[in-house]
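Per my numbering, numbering through the sequence shown is continuous, rising by one, with the last residue being 189.
Where is the CB? At the ideal position from N, CA and C, for every residue including glycine.
Note that the structure is predicted; figures quoted are calculated from it, not measured.
So the structure is just underneath, and the comments pick up after that.
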Amino acid sequence: MFNSLKGLAVTFVSTVKGLRAPVTRQYPDTSDLLMRRTPEPTPVKDRFMGFPSLTWDDEIGEPFCTSCMVCIRQCPTQCMSSVMKDNPLQAEGKSSRRKIVDSFEINLNRCILCGICVEVCNFDAIVMTHEHEMSTFSRNGDRVDLPKLLEIGHKFQKETAWIPPTKRAKVGKDEEPDAAKAGSEAESS
Ligand code: SF4
Ligand code: SF4
């Protein structure tokens, strides 16, 4: 009897509009047929794992990726490919990377967002970004090349005040770089 009344109460609260805030969200908002509102993407959490992309080394002005092929060999869906070249900035004495990525492609339609590529990369060169809205109508529509991967990766770096994990491990907590401090201050405010 008590359980029946409890069930009825839950049904009543869920049925009457306004008594309980919705737990889901309509996106894009199709209720506005005249499209007067710009559809805003649903915000994602910091830990959200979207599509993988390549990172950019702002200090030197080149990708972190040396095209070493480790991630490509470990990818369970074999959706990545890459070609390396001699690094011209190394010849000029500006970079310690002897080899650098020349071309890189990820077929995001086949990517299962497992994060293995990020785990196995020794050069902080690839990250799981917050990018997730890349639907297309063609089977090969999400083959993403090097410039696009770097663009997505750089956007993620800026938005999250990203610091290369190996650098973060070296400096330790007492000597957090400025970007890390800015990120943690923003989180606490
Ligand atoms: S992303 Fe990392 S593991 Fe993959 S090819 Fe580039 S440097 Fe190597
Ligand atoms: S997230 Fe997984 S499936 Fe996607 S590219 Fe990386 S290793 Fe491959």
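Cβ-Cβ distance between residue i and residue j below 9 Å
i, j, result
"Leu150", "Ser67", "no"
"Thr55", "Ile126", "yes"
"Leu108", "Met134", "yes"
"Ser103", "Asp145", "yes"
"Lys85", "Ile72", "no"
"Thr77", "Arg110", "yes"
"Phe48", "His132", "yes"
"Asp124", "Thr160", "no"
Integer Cβ distance of residue i from residue j, believed to fall under 8 Å
i, j, result
"Ile106", "Met128", "Contact doesn't hold; Cβ gap of about 12 Å is too wide."
"His130", "Val16", "Between Val16 and His130 the Cβ distance is about 36 Å, and since that is not below 8 Å, they are no contact."
"Ile116", "Cys75", "7 Å"
"Ser95", "Glu62", "6 Å"
Residue i burial status per 10 Å Cβ neighbour count (16 or more: buried)
i, result
"Arg193", "Residue coverage of the chain in this structure runs from 1 to 189, which leaves residue 193 outside it and unanswerable."
"Glu59", "exposed"
"Gln157", "buried"
"Ser82", "buried"
"Thr87", "Inspection of the sequence shows that residue 87 is occupied by Asn rather than by Thr. With 16 or more other Cβ atoms within 10 Å, it is buried."
"Phe51", "buried"
"Val13", "exposed"
"Cys112", "The question names Cys, but residue 112 in the sequence shown is Ile. Classification for Ile112: exposed."
Residues with C-beta closer than 6 Å to any heavy atom of ligand 2, in chain order = Pro52, Cys75, Pro76, Thr77, Cys79, Met80, Ile106, Cys111, Ile112, Leu113, Cys114, Gly115, Ile116 and Cys117
Any residue whose CB is nearer than 7 Å to a heavy atom belonging to ligand 1, listed in chain order = Leu54, Phe64, Cys65, Thr66, Ser67, Cys68, Met69, Val70, Cys71, Ile72, Ser82, Val101, Cys117, Val120, Cys121, Asn122, Phe123, Ala125 and Ile126
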